[in-house]
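Undergrad:
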Ligand code: URA
């Protein structure tokens, strides 16, 4: 018979084994064999809350009825006489389904209310959703640097085609863009810029209703026209700063677009 191992050595070795396995606290002095006692009940998974909070009838355009949401957005946007009121109207608007898909808040615009240039991006990301301002993440910082380099600091108003963060940064749908459009158009009307810079394919396609890729659209002048046809402005698509962060070699293309745009913005007659 082998000599008995002292109890303290057994206890020590057992404790070391449990510690290694990640057990670092005891809840009771005496052990409870829950399996033996038949008392083990697996914990219930947390109840899944529906993502869409209010009932559909409370949100005119969140469902298939995009047309009535657009009409409501148009009515609210027309009532706003300045950007602050417009911002409040957007925040109170329930017609865009993105509002109910996890966005923390509405993200409207930042910059000068009388800017000669409006910069329009796709939609808020996580940083913008958290801060409530557009283009404040890494892409926004690069955009700011480029605008500053082109002498455009303080001369821009920056906004997006949609005002709530699409979940997981997915692309905003055509319907989501359509219900936000009246607010965006009213912002353009109130700011009355001389021209638009459309950053990234989704913004360029939504604003210009064109289907070419951004590499073909960028650096060219287009005429943007509002839905009602009462507003018209020269608009230039360019590469999105998030793309430039991934493809730094493309920065020179975006830089050249920005210089072309600034040259026209600062030209006394602003002709084509
Ligand atoms: N990308 C966009 O298009 N807009 C933002 O506001 C931020 C990132």
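In our numbering, the protein residues as written are 5 to 276.
Note that the Cβ used here is the ideal one computed from N, Cα and C, for glycine as well.
I want to know whether the stretch 119–137 touches the stretch 151–159 - three or more CB-CB distances under 8 Å.
TA: yes
Undergrad: Less than 8 Å between the CB atoms is what I'm expecting for residue 222 and residue 241, so what's the real figure, rounded?
TA: Residue mapping note: residue 222 aligns to position 218 of the chain shown, counting from 1. Residue mapping note: residue 241 aligns to position 237 of the chain shown, counting from 1. Correct: roughly 5 Å between the Cβ atoms.
Undergrad: Can you pull the DSSP bridge partners for residue 228?
TA: As a working note, residue 228 is residue 224 in the chain shown. Paired residues: 237.
Undergrad: Please return the same chain residues whose Cβ sits closer than 7 Å to the Cβ of residue 280, not counting the five positions on each side in sequence.
TA: Here the chain comprises residues numbered 5 to 276, so residue 280 is not present and cannot be evaluated.
Undergrad: Is it the case that the CB of residue 127 approaches a heavy atom of the ligand URA more closely than 7 Å?
TA: The residue you call residue 127 lines up with position 123 of the chain shown. True, at least one ligand heavy atom lies under 7 Å from that Cβ.
Undergrad: When DSSP builds the beta bridges, which residues end up paired with residue 164?
TA: On the chain shown, position 160 is the one that residue 164 refers to. According to DSSP, which records beta bridges pairwise, residue 164 is partnered with 125.
Undergrad: If you draw a straight line from the alpha carbon of residue 271 to that of residue 261, how long is it in whole angstroms?
TA: Walking along the chain shown from the start, residue 271 turns up at place 267. Walking along the chain shown from the start, residue 261 turns up at place 257. Spanning the two alpha carbons is a distance of roughly 16 Å.
Undergrad: In terms of residue numbering, what span does the beta strand (DSSP E) encompassing residue 156 cover?
TA: Taking the chain shown and counting its residues from 1, one reaches residue 156 at position 152. For residue 156, there is no enclosing beta strand (DSSP E), as DSSP gives it neither H nor E.
Undergrad: Write down every uninterrupted run of the alpha helix (DSSP H) in the stretch 74–159 whose length is 4 residues or greater and which is fully enclosed by it, in chain order.
TA: Uninterrupted alpha helix (DSSP H) stretches at least 4 residues long and entirely within the stretch 74–159 occur at 87–96, 130–135 and 142–153, given in chain order.
Undergrad: Output needed for residue 93: all residues of its chain with C-beta closer than 8 Å, excluding positions within five of it in sequence on either side, in chain order.
TA: For the purposes of this step, residue 93 is taken as the residue at position 89 of the chain shown. So the qualifying residues of the chain are 80, 81, 83, 84 and 187.
Undergrad: Could you check if residue 225 is buried or exposed, using at least 16 other CB atoms within 10 Å of its CB as the buried criterion?
TA: Along the chain shown, one-based indexing puts residue 225 at 221. Result: exposed.
Undergrad: Does any heavy atom of the ligand URA sit closer than 7 Å to the C-beta of residue 247?
TA: By one-based count along the chain shown, residue 247 stands at place 243. No - the ligand URA has no heavy atom lying nearer than 7 Å to the Cβ of residue 247.
Undergrad: Compare the C-alpha of residue 246 against each of 177, 203, 155 and 227 and name the closest.
TA: Locating residue 246 in the chain shown gives position 242, where the first residue counts as 1. If we check each option's Cα against that of residue 246, 203 comes out closest.
Undergrad: Quick one: does the C-beta of residue 138 sit closer than 7 Å to a heavy atom of the ligand URA?
TA: By 1-based counting over the chain shown, the position of residue 138 is 134. Relative to the ligand URA, the nearest heavy atom lies less than 7 Å away from the CB of residue 138.
Undergrad: Secondary structure at residue 61, three-state DSSP: helix, strand or coil?
TA: Along the chain shown, one-based indexing puts residue 61 at 57. Unreliable positioning characterises residue 61 in this predicted model, as indicated by a pLDDT of 39, which lies under 50. The coordinate reading is nonetheless provided below. Reduced to three states, the DSSP call for residue 61 is helix.
Undergrad: Once the 5 residues before and after residue 162 are set aside, which same chain residues still bring their CB inside 6 Å of it?
TA: The count along the chain shown starts at 1 and reaches residue 162 at position 158. Excluding positions up to five away in sequence, the list reads 114, 115, 123, 138 and 139.
Undergrad: Who are the near neighbours of residue 171 in its chain, counting only those whose CB is closer than 6 Å to its CB and skipping five residues on each side?
TA: Within the chain shown, numbered from 1, the residue matching residue 171 stands at position 167. The beta carbon of residue 171 sits closer than 6 Å to those of 105 and 106, all from its chain and outside the five residues before and after it, given in chain order.
Undergrad: Buried or exposed: residue 34, going by 16 or more other Cβ atoms within 10 Å of its Cβ?
TA: Against the chain shown, residue 34 aligns to sequence position 30. Residue 34 should be labelled exposed.
Undergrad: Let me check one thing: in DSSP terms, what residues is residue 200 bridge-paired to?
TA: Taking the first residue of the chain shown as 1, we reach residue 200 at position 196. DSSP, once it has assigned bridges, lists 122 and 239 as partnering residue 200.
Undergrad: Cutting at 7 Å between CB atoms, please list the residues of its own chain near residue 218, excluding the five before and the five after it.
TA: On the chain shown, position 214 is the one that residue 218 refers to. Counting only Cβ-Cβ distances below 7 Å, and skipping sequence neighbours, we find 204, 205, 208, 241 and 243.
Undergrad: Where do the N-terminal and C-terminal ends of the alpha helix (DSSP H) with residue 195 fall, by residue?
TA: Taking the chain shown and counting its residues from 1, one reaches residue 195 at position 191. Residue 195 -> alpha helix (DSSP H) spans 178–195.
Undergrad: Between residue 164 and the ligand URA, is the CB less than 7 Å from at least one heavy atom?
TA: Your numbering for residue 164 matches position 160 in the chain shown. Yes, the Cβ of residue 164 comes within 7 Å of a heavy atom of the ligand URA.
Undergrad: Considering only residues of the same chain and omitting the five flanking positions on each side of residue 183, which have a CB-CB separation below 7 Å?
TA: What you label residue 183 is simply residue 179 of the chain shown in a count that begins at 1. So the list reads 65, 70, 73, 74, 77, 99 and 100, once near-sequence residues are dropped.
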